[in-house]
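*Asks:* Before we start, here is the structure in question, set down as structure tokens.
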RNA sequence: CACCGAUCUAUUUAAC
């Protein structure tokens, strides 16, 4: 079963649907019964293709066949319901899962919290997070939970609250730690707002938590420096990043564009050659 | 206390 399930998952990623069907037939030919993993993978694949009806049918089919869905199976469908904006049904489905003997896990809650955010119900999302933090639901939040809330607070203009949550994460005893997602979310937001000093401070702070700024972080910050007309700072950030990472095409495009704004043709040329030197192909 | 497979979060650069 494992072999077949792996193969099926691979084909699904490659969107080779005919192959999936063929493999399923081959399985039954050989008397191998699909298990929870197989069905769950199929349901996920169908959801990702937007075939939600098919996914539900698959869910029913697996139950008919006496294969008991797992929390993962339910989580996928809860996610699907959220994506369709059916947040109440998503919660109801979680209820059904619990009744069937599958406990909610952190992914279940993360999915629902994201659903609430996307449905413009930040208040409820945060309330649910608080309940998790207080231990009222029996599942403690993780980095993904906080990242989701932080991201959506940013989108909804709540950057200061987002920063409070980030502070909470770095505190000892919170049981949480920020990851590179956390930082890229906030650095991106601060950059958009033109709060370059704050963004750079955060970039420095990453090292204190065992994280290194990524290409994305540097590129984002450089772009906002360019917008703010802080070319010197941008260039020094660029040389700093060059020591640690390989700047990519986006990095160079950003720099060339910045030089272009001021008509600095020589600089542009230099950058262009530098880019070729490093084996990058211009796009 | 039996190796392997399934689910959740961020995405930066050009033409106003």
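Numbering (our numbering), first residue to last: 4 to 286.
Heads up, the beta-carbon is just placed ideally off N, CA and C, and yes, glycines get one too.
Keep in mind the model is a prediction, meaning the values are calculated, not measured.
When the Cα atoms are used, what is the spatial distance from residue 213 to residue 9?
*Replies:* 34 Å
*Asks:* Roughly how many angstroms separate the alpha carbons of residue 255 and residue 195, rounded to a whole number?
*Replies:* 20 Å
*Asks:* What would DSSP say about residue 226, mapped onto helix, strand or coil?
*Replies:* helix
*Asks:* Would you check if the distance between the CB atom of residue 23 and the CB atom of residue 43 is smaller than 8 Å?
*Replies:* no
*Asks:* For a test of the three-state rule: what should DSSP assign to residue 105, helix, strand or coil?
*Replies:* Three-state DSSP puts residue 105 in coil, outside helix and strand.
*Asks:* Assign residue 95 to one of two classes, buried (16 or more other C-beta atoms within 10 Å of its C-beta) or exposed (fewer than that).
*Replies:* exposed
*Asks:* Determine the DSSP secondary structure at residue 58, reduced to helix, strand or coil.
*Replies:* helix
*Asks:* Counting beta carbon pairs with one atom in the segment 95-108 and one in the segment 124-132, are three or more of them shorter than 8 Å?
*Replies:* no
*Asks:* Please report the Cβ distance between residue 122 and residue 90, rounded to the nearest whole angstrom; I am assuming they are in contact, meaning their Cβ atoms lie under 8 Å.
*Replies:* 5 Å
*Asks:* Relative to the C-alpha of residue 108, which candidate in 92, 78, 83 has its C-alpha closest?
*Replies:* 78
*Asks:* Are residue 153 and residue 132 closer than 8 Å when you measure CB to CB?
*Replies:* no
*Asks:* For the alpha helix (DSSP H) holding residue 6, just list the boundary residues, first then last.
*Replies:* 5-16
*Asks:* Which residue's Cα is closest to the Cα of residue 84: 208, 67, 50?
*Replies:* 50
*Asks:* Do you know how far the Cα of residue 226 is from the Cα of residue 269?
*Replies:* 20 Å
*Asks:* Verify whether the separation of the beta carbon atoms of residue 2 and residue 229 is less than 8 Å.
*Replies:* This structure does not reach residue 2, given that the chain is present from 4 up to 286, and the question cannot be answered.
*Asks:* Return the residue from the list 92, 66, 114 that minimises the CA-CA distance to residue 103.
*Replies:* 66
*Asks:* Rounding to the nearest angstrom, what Cα-Cα distance links residue 40 and residue 144 in this structure?
*Replies:* Looking at the two C-alpha atoms, the distance is approximately 25 Å.
*Asks:* Going by beta carbon distance, what residues of the same chain come within less than 7 Å of residue 47, once the five residues before and after it are set aside?
*Replies:* 79
*Asks:* Distance check for residue 101 and residue 200, CA to CA, integer angstroms please.
*Replies:* 47 Å
*Asks:* Which residue wins for smallest C-alpha separation from residue 134, given the options 116, 147, 150, 146?
*Replies:* Closest by alpha carbon: 116.
*Asks:* When burial is assigned at 16 or more other CB atoms within 10 Å of the CB, is residue 20 buried or exposed?
*Replies:* exposed
*Asks:* Are there 16 or more other CB atoms within 10 angstroms of the CB of residue 242, so buried, or fewer, so exposed?
*Replies:* exposed
*Asks:* Between which two residues does the alpha helix (DSSP H) holding residue 133 run?
*Replies:* 125-136
*Asks:* Helix, strand or coil: how does DSSP classify residue 83 here?
*Replies:* DSSP places residue 83 in helix when its eight states are reduced to three.
*Asks:* What three-state label does DSSP hand residue 175 in the structure shown?
*Replies:* coil
*Asks:* Would you give the residue range spanned by the alpha helix (DSSP H) that residue 25 belongs to?
*Replies:* 20-32
*Asks:* Tell me the rounded alpha-carbon separation between residue 159 and residue 111.
*Replies:* 23 Å
*Asks:* Using CA coordinates, which residue listed in 171, 238, 13 is at the minimum distance from residue 221?
*Replies:* 238
*Asks:* Determine the burial state of residue 15: buried for a count of at least 16 other Cβ atoms within 10 Å of its Cβ, exposed for fewer.
*Replies:* In this structure residue 15 is buried. Its beta-carbon is surrounded by 16 or more other beta-carbon atoms within 10 angstroms.
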